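The opening position of the sequence shown corresponds to residue 6 in our numbering, with each subsequent residue numbered one higher. By construction, the Cβ of each residue, glycine as well, lies at the ideal position given by its N, Cα and C atoms. Since the structure is predicted, the reported quantities are computational estimates derived from the model, not experimental observations. Heads up, the thing below is written out as structure tokens.
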Amino acid sequence: MELEGLLLIEFSEVHFKENFTVITELVSDLTNEIHKLKAININYESGNCTVCNTKLRTFDTLIKEKDLRFMTICEKCPEKIYKIISMIDWATGAAFI
Numbered sequence: 006m007e008l009e010g011l012l013l014i015e016f017s018e019v020h021f022k023e024n025f026t027v028i029t030e031l032v033s034d035l036t037n038e039i040h041k042l043k044a045i046n047i048n049y050e051s052g053n054c055t056v057c058n059t060k061l062r063t064f065d066t067l068i069k070e071k072d073l074r075f076m077t078i079c080e081k082c083p084e085k086i087y088k089i090i091s092m093i094d095w096a097t098g099a100a101f102i
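This is the structure in structure tokens:
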């Protein structure tokens, strides 16, 4: 995600000049959140997130392919990242696609 953020900044400098400053700040916030996740190192219980020790959630994606059918995720860790990505979607206009 860090590399994608840098590429988005380069792309935005040309294609989203009016929101370039906002996008750059959001990508910086996103990178900071990624670094926070990398730095966390706590003990965890089996079946819990290895970062925050929250119970993992498994859900059915309804995708018929065997490897993609069920997905297990931590709903807590990426919460801030999802919010930042949503703001980037609005700043780039991707939210309207």
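Burial state of residue i (16 or more Cβ within 10 Å)
| i | result |
| --- | --- |
| Leu31 | buried |
| Thr63 | exposed |
| Ile93 | buried |
| Gly10 | buried |
Beta-carbon proximity check, residue i vs residue j, cutoff 8 Å
| i | j | result |
| --- | --- | --- |
| Met6 | Ile28 | no |
| Ile78 | Leu61 | yes |
Cβ neighbours of residue i in the same chain (closer than 8 Å, five flanking residues each side left out)
| i | result |
| --- | --- |
| Glu18 | Phe25 |
| Glu80 | Thr59, Arg62 |
Three-state secondary structure (DSSP) of residue i
| i | result |
| --- | --- |
| Ile14 | helix |
| Phe25 | helix |
Sequence-distant residues of its chain with Cβ nearer than 7 Å to residue i (five each side left out)
| i | result |
| --- | --- |
| Asp34 | Ile89 |
| Leu42 | Val56, Cys82 |
Cβ shell of residue i (< 6 Å), same chain only, five flanking positions each side left out
| i | result |
| --- | --- |
| Ala96 | Asn24, Val27, Ile28 |
(message) Which runs of the alpha helix (DSSP H) at least 4 residues long sit entirely within the stretch 29 to 98? Give them in chain order.
(response) 84 to 97
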